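Participant:
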Amino acid sequence: MKAFPLGLATALLVLCLSLVQLRASDDEIFYESFDESFEGRWIVSEKSEYQGVWKHSKSEGHDDYGLLVSEKARKYAIVKELDKPVSLKDGTVVLQFETRLQNGLECGGAYLKYLRPQDAGWKAKEFDNESPYSIMFGPDKCGATNKVHFIFKHKNPKTGEYVEHHLKNPPSVPADKLSHVYTAIFESGNDVRILVDGSEKKKANFLSEDDFEPPLIPAKTIPDPDDKKPEDWDERAKIPDPNAVKPDDWDEDAPVEIVDEEAVKPEGWLDDEPEEIDDPEATKPEDWDDEEDGEWEAPRIDNPKCEIAPGCGEWKKPMKRNPAYKGKWHAPEIDNPNYKGIWKPRQIPNPSYFEIEKPDFEAVAAIGIEIWTMQDGILFDNILIAKDEKIASSYRDAKWKPKFEVEEEKQKAEEAAAAGPDALAKYQKKVFDLLYKAADIPFLSQYKSKILDVIEKGEKQPNLTIGIIVSVIVVFFTIFLRIIFGGKKQQPAKREEKSASTSTSAAAAESSNDQSSSGEKEGEEKEEGVAAAPARRRSGARRDN
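Quick note: the sequence shown uses full-length UniProt numbering, first residue 1, plus one each step.
Have a look at this one:
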């Protein structure tokens, strides 16, 4: 057997490798890594409204370069022309790119536009929002908008008009500052798949009316714009009964509420005491000038006498719902004998209607980024157009995934540090401060010592914060139940601190209350509300003459 010539074997090996590389280059239509500066290769728009400065910059924490949005609150526009137009009509086409929102994104875009050839009426140096595109794809977020856009423009063969078709229910934008990769895969069966970080988030059919708004294929019929509703067309399903008569005893002027004449002023009410008094400990500032600042007034504080009494000031009978109130009378409604239903114009054939078996996409001749954003730090990288989904997957694994894993680990470490002992201590301090304020609520005064005891135990053992919160809630709930179901028994106990004559009067008042109507209870609830409500405070102020 003759030996195979070494030179021929080497030549065949080189040929095979060349064919593999040629195949790979055929599948990889366009790739931009931004390893080198974009200047001289990408064209920045010269339109005056695009003042944002693009920079060739490293991704934070990496040696990998990208195209950076460097300033806040600016419009940006830059474009890269392809060597030759790319057809989206035949076979698989993959659009993929990375973005990293290094400072987050509250209001702005981070999407790409895949532009039609320049014979459609645009120039690279004049690239702007009106430049015609075939596909718009990528993140957009502002206010209620939070989506990964996928929009395609398609020419209506009947009218010649280009119509934007928006993907319904698109994926949302990841809410972090990590690198993310967005992929749109055009498939031969009229489908498009949207991937975020290699995970499929949405699959749609270009011809389905359920997937795009407006649908690619228009409705066969439309309402006749010249059709008018007849003047005698009655759309009212119900009408007021013309034979109905307002009852004689229906008083339309009766008020909603009336004074509860059966209400009784609570015993111990301090008629002559104001709700607020001058702060007896306040002193006039030394630098107060009566001529410049006016007559000095001491700041007002809650009257301490009112805190232990049912209330202060002039007592007025509470209001209650008027049982005679009926409001304005309206005739009852009956079925309308002349009802014809909701009128709709007749349908006519849609002059814009057409049928199509697959979208007639315009070729892509350039890739542009035209955005307005309130945040800086948006980094674009690894922009790819390919014919094979595997090419896109290999770029994700080689270019994006290592960066993402490093960023994700760093984020986890930062979150763990933020949730460490210091953060827990701050949280516990806020909790205990809130509980101390709750303990000072006036209507909880008789339970204050118990509440403080529970809080102090919690401060000595901070790791029991959650248990302390639950304990205090139980105490509050128990007090609430006592107020609701046992309020009448607590009032005499509360007033034991008063003089013997006051206690006797309180007992008499309680006996009277037991015989009172529901209106008295309503008045009593309002009186308790007055006692519990904090009075207005005001600091030292001038008194104008």
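Glycine residues also receive a C-beta, built at the ideal position from the N, C-alpha and C atoms.
Source: prediction; values computed, not measured.
Since M136 sits in a beta bridge, which residues does DSSP pair it with?
Facilitator: According to DSSP, which records beta bridges pairwise, M136 is partnered with K113, I151.
Participant: Applying the criterion that 16 or more other CB atoms from any shown protein chain within 10 Å of the CB defines a buried residue, is W233 buried or exposed?
Facilitator: By the 10 Å Cβ count, W233 comes out exposed.
Participant: Please look up how many angstroms separate the CB atoms of A417 and R116, rounded, as I've assumed it's under 8 Å.
Facilitator: No, A417 and R116 are not in contact; Cβ-Cβ is about 50 Å, not under 8 Å.
Participant: Can you give me the Cβ contacts of I334 inside the same chain, cut-off strictly under 6 Å, excluding the 5 residues immediately before and after it?
Facilitator: Answer for I334: D241, listed in chain order.
Participant: Is S179 closer than 7 Å to F38 when the C-beta atoms are compared?
Facilitator: Not a contact, by the Cβ cut-off of 7 Å.
Participant: Taking all protein chains shown into account, decide if A93 is buried (16 or more other Cβ within 10 angstroms of its Cβ) or exposed.
Facilitator: As written in the sequence, residue 93 is Val, which differs from the Ala given in the question. Buried, because 16 or more other Cβ atoms sit within 10 Å of the Cβ of V93.
Participant: Would you kindly check if the distance between the Cβ of G368 and the Cβ of V79 is under 7 Å?
Facilitator: For V79 and G368, yes; Cβs fall inside 7 Å.
Participant: Taking a contact to mean a Cβ-Cβ separation below 7 Å, would you say L167 touches F150 in this structure?
Facilitator: Contact: yes.
Participant: Go ahead and pull the three-state DSSP assignment for F432.
Facilitator: F432 falls in the helix class under three-state DSSP.
Participant: Are the beta-carbon atoms of V173 and K141 separated by less than 7 Å?
Facilitator: Cβ atoms of V173 and K141: closer than 7 Å.
Participant: Quick check on the DSSP output: the alpha helix (DSSP H) that includes residue 546 runs from which residue to which?
Facilitator: Residue coverage of the chain in this structure runs from 1 to 545, which leaves residue 546 outside it and unanswerable.
Participant: Who pairs with I29 in a beta bridge, going by DSSP?
Facilitator: Per DSSP, none; premise fails for I29.
Participant: Would the segment 340-356 count as touching the segment 63-73 if we require 3 or more Cβ pairs under 8 Å?
Facilitator: The segment 340-356 vs the segment 63-73: no contact.
Participant: Quick check on DSSP: helix, strand or coil for residue 554?
Facilitator: The requested residue 554 does not occur in the structure, where the chain is confined to residues 1 to 545.
Participant: Of the residues D397, L379, A366, which one's Cα is nearest the Cα of D119?
Facilitator: Nearest C-alpha to D119: A366.
Participant: So, Y133 versus Y114, is the Cβ gap smaller than 7 Å?
Facilitator: Yes, they are a contact pair.
Participant: Between the segment 319-333 and the segment 271-280, do three or more beta carbon pairs fall short of 8 Å?
Facilitator: No: fewer than three Cβ pairs fall under 8 Å.
Participant: Return helix, strand or coil for S87, following the three-state DSSP convention.
Facilitator: Correct three-state label for S87: coil.
Participant: Kindly list the residues whose CB is nearer than 6 Å to the CB of I301, restricted to its own chain and excluding five residues on each side of it in sequence; keep chain order.
Facilitator: Excluding sequence neighbours, I301 sits near D279.
Participant: Between the alpha carbons of Y395 and G198, how many angstroms are there, rounded?
Facilitator: Each residue's alpha carbon lies about 11 Å from the other.
Participant: Which residues in the same chain as E355 place their Cβ atom closer than 7 Å to its Cβ, once the five residues preceding and following it in sequence are excluded?
Facilitator: Correct list, in chain order: I217.
Participant: Sorted by chain position, which residues of the same chain lie with C-beta nearer than 7 Å to T159's C-beta, five sequence neighbours on each side aside?
Facilitator: Only S352 meet the Cβ criterion.
Participant: State the start and end residues of the unbroken beta strand (DSSP E) segment that holds E292.
Facilitator: Unbroken run through E292 is the alpha helix (DSSP H), 290-293; no beta strand (DSSP E).
Participant: Of all Cβ atoms in chain D, is any one closer than 7 Å to the Cβ of L435?
Facilitator: Note that chain D does not occur in the displayed structure, where there is just one protein chain.
Participant: Hey, would you say L379 sits closer than 7 Å to G138, going by beta carbons?
Facilitator: In this structure, G138 does not lie closer than 7 Å to L379 by Cβ.
Participant: With DSSP collapsed to three states, give me the class of P218.
Facilitator: Coil, per DSSP.
Participant: So what does DSSP say about T478, is it helix, strand or coil?
Facilitator: Note: T478 maps to helix in three-state DSSP.
Participant: Look at the alpha carbon of G189 and the alpha carbon of D388, and state the distance between them as a whole number of angstroms.
Facilitator: Going by the C-alpha atoms only, they are around 15 Å apart.
Participant: Under DSSP, the beta strand (DSSP E) around Y182 begins and ends at which residues?
Facilitator: Run containing Y182: 179-186, per the beta strand (DSSP E) assignment.
Participant: Helix, strand or coil for L452, going by three-state DSSP, please let me know.
Facilitator: Helix.
Participant: For S394, which of helix, strand or coil comes out of DSSP?
Facilitator: Helix at S394.
Participant: With distances taken between CB atoms, is the gap from I371 to G109 smaller than 7 Å?
Facilitator: The answer is yes: Cβ separation under 7 Å.
Participant: For the ligand PLP, is there any heavy atom lying closer than 6 Å to the beta carbon of I383?
Facilitator: For the structure depicted, the ligand PLP is absent and the ligand set is empty, with no information on it obtainable.
Participant: Could you give the distance in angstroms between the alpha-carbon of K89 and the alpha-carbon of A219?
Facilitator: If I take the Cα positions, the gap works out to 24 Å.
Participant: State yes or no: is the C-beta of I391 within less than 7 Å of the C-beta of F30?
Facilitator: No, these two residues do not count as a Cβ contact at 7 Å.
Participant: Could you give the DSSP three-state label for G458: helix, strand or coil?
Facilitator: Residue state, collapsed to three classes: helix.
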